[in-house]
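Numbering (our numbering), first residue to last: 43 to 326.
Written out as structure tokens, the structure is:
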């Protein structure tokens, strides 16, 4: 265990509420342990542009960056740039990077634990500039990169806890696929269809949970003058579905984040293809 003092102060859950700090620590510990025994030059199947050493550095700099955002009280893009300019350089060997990951993770969790979700903090997601966004995002960042690490090392993929995976499904839909809607002048043009994502164990206590989405297109003109017409989905609260994907929360979560095969699918082919197009574009 890399952080015994911190881990002794937190449990993986408080009742049925996700303990974000404990998860960031445990997922990062697994990530580090797996990569410490892997070939640094081995490819990462789920991130084809990276080798193992690149994956290790990525999560290290992510944790260092967000610890810096919180510690500095950054609220603006200018504040963010100042944090970026003060980030540590990339170490030249694996052991040094692992040591830096350890210290960056401890600092990130310490900064998160000092703050309430509703406190303001800069984030890349314009619709949510709070500490709570960073807390939630970093759980899924660490979790998905742990999956990347296990895949790169050729070891069995550890299933994601159902409640965490169910939250990952919602985060993928509401944030990772919906950021187009935070851009000025962009609009969502909905299709007629509704698609159900059924998580066989995604409800609190382990029951089934269904998440409804409407496929469509994000359309608008960027600051550079480039026109965009991109596939998208938005979450719904009701309406009868025309098609659906079904699996465990872990299976649906990893599929949406580009870390697993497509779960079972059934229903209107056009509706299914519209959702597949969103997943194929990948998370941003």
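Every residue, glycine too, gets a C-beta built ideally from N, C-alpha and C. Computed from a predicted model, the values in this text were never measured in an experiment.
Whole angstroms is fine: what's the gap from residue 18's alpha carbon to residue 308's? This structure cannot speak to residue 18, because the chain is shown only from 43 to 326.
Just the C-alpha distance for residue 198 and residue 66, rounded to the nearest angstrom, thanks. Distance between residue 198 and residue 66, taken at the CA atoms: about 20 Å.
Report, in whole angstroms, the separation of the C-beta atoms of residue 258 and residue 219, which I expect to be a contact under 8 Å. Not really, about 11 Å apart at Cβ, beyond 8 Å.
For residue 160, three-class secondary structure by DSSP: coil
Would you say residue 283 and residue 293 are within 9 Å of each other, going by their C-beta atoms? no
Beta carbon of residue 180, beta carbon of residue 62: below 9 Å? In contact: residue 180 and residue 62 (Cβ atoms closer than 9 Å).
In the DSSP assignment, find the beta strand (DSSP E) that holds residue 260 and state where it starts and stops. 251 to 263
How long is the line joining the alpha carbons of residue 119 and residue 164, rounded to whole angstroms? 8 Å
On the three-state DSSP scale, how would you describe residue 84? It is coil, neither helix nor strand.
Can you tell me which of the three DSSP states residue 307 falls into? strand
Give me, in chain order, the residues of the same chain whose beta-carbon lies closer than 7 Å to that of residue 174; leave out the 5 immediate sequence neighbours on both sides. Taking C-beta separations shorter than 7 Å and ignoring five residues to either side along the sequence, the partners of residue 174 in its chain run 159, 160, following chain order.
Classify residue 301 as helix, strand or coil using the three-state DSSP reduction. coil
State the Cα-Cα distance for the pair residue 221 and residue 260, rounded to the nearest angstrom. 10 Å
Starting from residue 64, trace the alpha helix (DSSP H) both ways and give me its first and last residue. 62 to 78
CA nearest to the CA of residue 107, picked from 78, 90, 147: The option with the nearest alpha carbon to residue 107 is 147.
Unbroken beta strand (DSSP E) run spanning residue 288, endpoints: Counting along the chain, the beta strand (DSSP E) containing residue 288 begins and ends at 285 to 289.
If you draw a straight line from the C-alpha of residue 295 to the C-alpha of residue 95, how long is it? Roughly 25 Å between the two C-alpha positions.
Enumerate in chain order the residues of its own chain whose CB-to-CB distance from residue 256 is below 6 Å, with the five nearest sequence positions on each side excluded. For residue 256, where only same-chain residues beyond five positions count, the Cβ hits under 6 Å are 232, 236, 276, 278.
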